[in-house]
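Q: Numbering (this note's numbering), first residue to last: 345 to 829.
#1: By a C-beta neighbour count over all protein chains shown, 10 Å radius and 16 as the cutoff for buried, is residue 812 buried or exposed?
#2: Leaving out five residues on either side along the sequence, give the residues of the same chain with a beta carbon under 8 Å from the beta carbon of residue 522.
#3: With distances taken from CA atoms, which of 736, 388, 666 is nearest residue 440?
#4: Exposed or buried, what is residue 380 when buried is set at 16 or more other beta-carbons lying within 10 Å of its beta-carbon?
#5: Between 482, 486, 508, 487, which lies nearest to residue 494 when the distance is taken from Cα to Cα?
#6: Compare the C-alpha of residue 363 against each of 658, 431, 738, 687 and name the closest.
#7: Measuring CB atoms only, is the region 473-484 touching the region 397-406, in the sense that at least three cross pairs come out at less than 8 Å?
#8: Who does residue 609 pair with in a DSSP beta bridge?
#9: Alpha carbon to alpha carbon, how far is residue 423 from residue 438? Give it in angstroms, no decimals.
#10: How many angstroms separate the CA atom of residue 531 from the CA atom of residue 560?
#11: Count the other CB atoms, across all protein chains shown, that sit within 10 Å of the CB of residue 621; report buried if there are 16 or more and exposed otherwise.
#12: Spatial neighbours of residue 392 within its chain, please: CB distance less than 7 Å, with the 5 preceding and 5 following residues excluded, ordered by chain position.
#13: Starting from residue 352, follow its DSSP beta bridges and name the residues at the other end.
#14: Nearest by alpha-carbon distance to residue 529: which of 595, 792, 617 is it?
#15: Enumerated in chain order, which unbroken segments of the alpha helix (DSSP H) with a length of 4 residues or greater are wholly contained in the region 651-703?
#16: Tell whether a beta-carbon distance below 8 Å holds between residue 395 and residue 361.
#17: What do you get for residue 696, buried or exposed, if any count of 16 or more other CB atoms within 10 angstroms of its CB means buried?
#18: Quick one: grab the DSSP three-state call for residue 369.
#19: Would you mind stating whether residue 460 and residue 474 have Cβ atoms separated by less than 8 Å?
#20: Taking residue 630 as the reference, which of 467, 414, 605, 376 has the closest Cα?
#21: Straight-line CA distance for residue 354 to residue 684?
#22: Give every residue of the same chain whose Cβ lies closer than 6 Å to the Cβ of residue 350, excluding the five residues on either side of it in the sequence, and list them in chain order.
#23: Does DSSP put residue 523 in a helix, in a strand, or in coil?
#24: Which same chain residues, not among the five before or five after residue 770, have their C-beta less than 7 Å away from its C-beta?
#25: When every heavy atom of the ligand SAM is checked, does at least one fall within less than 7 Å of the C-beta of residue 643?
#26: Consult DSSP for residue 705 and reduce its assignment to one of helix, strand or coil.
#27: Figure out for me which residue from 647, 614, 772 has the closest Cα to the Cα of residue 690.
#28: Using only the alpha-carbon positions, how far apart do residue 775 and residue 588 sit?
#29: Return the residue from the list 661, 413, 549 that minimises the CA-CA distance to residue 637.
#30: Start and end of the beta strand (DSSP E) containing residue 579?
#31: Suppose the cutoff is 8 Å on Cβ atoms and the five residues either side in sequence are ignored; what does the same chain contact list for residue 345 look like?
#32: Just reading off the beta strand (DSSP E) that residue 719 is part of, what are its end residues?
#33: Going by DSSP, name the residue or residues bridged to residue 587.
#34: To the nearest angstrom, report how far apart residue 743 and residue 761 are at their CA atoms.
#35: Going by DSSP, which residues form a beta bridge with residue 744?
#36: Taking 8 Å as the threshold, find out whether the region 720-735 comes into contact with the region 664-671 through three or more Cβ pairs.
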């Protein structure tokens, strides 16, 4: 130690992201003395370099695109221009409001916040390197909420100019004329569609046979059609062999079904996944081990093998979702406070902010079969929903998965307008053990997008009103001929 500074806490929360800060606030509400340590900004990746800034840009890009294509509604907008630099400034202002709000909440709840790099000295103490020197922090309990980082692609050195990761793509001040997105997952498609909407020529390169691995193929197909409509070239079953930087751009060499090909572009976006931040903290000094992928194994209360040290959020394993981390943080806080609690989530929704949006919760049709269910499927298209048509957004559908024998709801999968908001009703239904009939019998207000869930449930039962369905089937399909009102 370089000085004799020392602090004591009942609980140290290591990481102030969307897993860590809710955990800290809940602990303080439960009467604990809490110290929060983070090497960077309050709010973590989600608030500063992920969820929030990306959605701000997507909102701006979508608005610009709609204004540029509003003639069908009789709206003529001549010469619409997008100033990317000003959009970035607006995005940054949104982030600042949220992070400032979180800082105020931590302070109001009596949490002490320390900015610095922390390393375990033992299973009872941390050393924190701050701007003012080193500090020893002793604790009774610790919650590791260190998150994850962008996975690097060998041979592609990110300079945040010509070769960018998701962080750099959120802060480009000048729109690239062309961009190659390496990776056809949710980050690549969300950001790729944003840039396509503001006029960039985008090419998506994916090594696997389809985009958005793990998502129902029927949903992915809807998004792929929109990608093509936006002029995005999609190359699946295609490997990246290398690249060469030039004065005015980058040449990316790929190999696919038709052999090798060179892709010229102004910028390359690398989005091949995320890696847990479990290294560099001296976890071994605390007796904590990680698995082969770098995640920290935890029990249902989110305890590690060292019972008074917990792990939550991305560092604790899949799925890498902000709301999963928040839930884990609340469970860990309750456990530390001595409450009877476990992480026993049934419904964990996931959202992809493409256009149209994708939102899923529960089992897919394939997963239901793999688990021994006899799935019964109900489909309902947004093209048969009056509100979707009146918004000019008829693309997409709801796919409902139920057990054919019991009628119990197993999963809901949506691609369409406002899917991100619609999925919460489905998540609640699954969490409460609802049957398809429960959704079908629940009155939904008209005209709203929410009616698609009720109608999909009716389609699963074999008697939808606003589409023609020949007869109930174990895998219920539907004509997409709309009969809206």
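Built from N, CA and C at the ideal position, the CB exists for glycine as well.
A: Checking against the coordinates, here is how it stands:
#1: exposed
#2: 544, 545, 546, 547, 593, 608, 609, 610, 611
#3: 388
#4: buried
#5: 508
#6: 658
#7: no
#8: 594
#9: 27 Å
#10: 17 Å
#11: buried
#12: 385, 439, 443
#13: 482
#14: 617
#15: 666-680
#16: no
#17: buried
#18: helix
#19: yes
#20: 467
#21: 19 Å
#22: 480
#23: strand
#24: 705, 756, 797
#25: Questions concerning the ligand SAM fall outside what the structure shown contains, since it holds no ligand whatsoever.
#26: strand
#27: 772
#28: 50 Å
#29: 661
#30: 577-579
#31: With a pLDDT of only 38 at residue 345, under the threshold of 50, the placement of this residue in the model should not be trusted; the figure read from the coordinates follows. Around residue 345: 471, 478, 480.
#32: 719-725
#33: 596
#34: 14 Å
#35: 722, 756
#36: no
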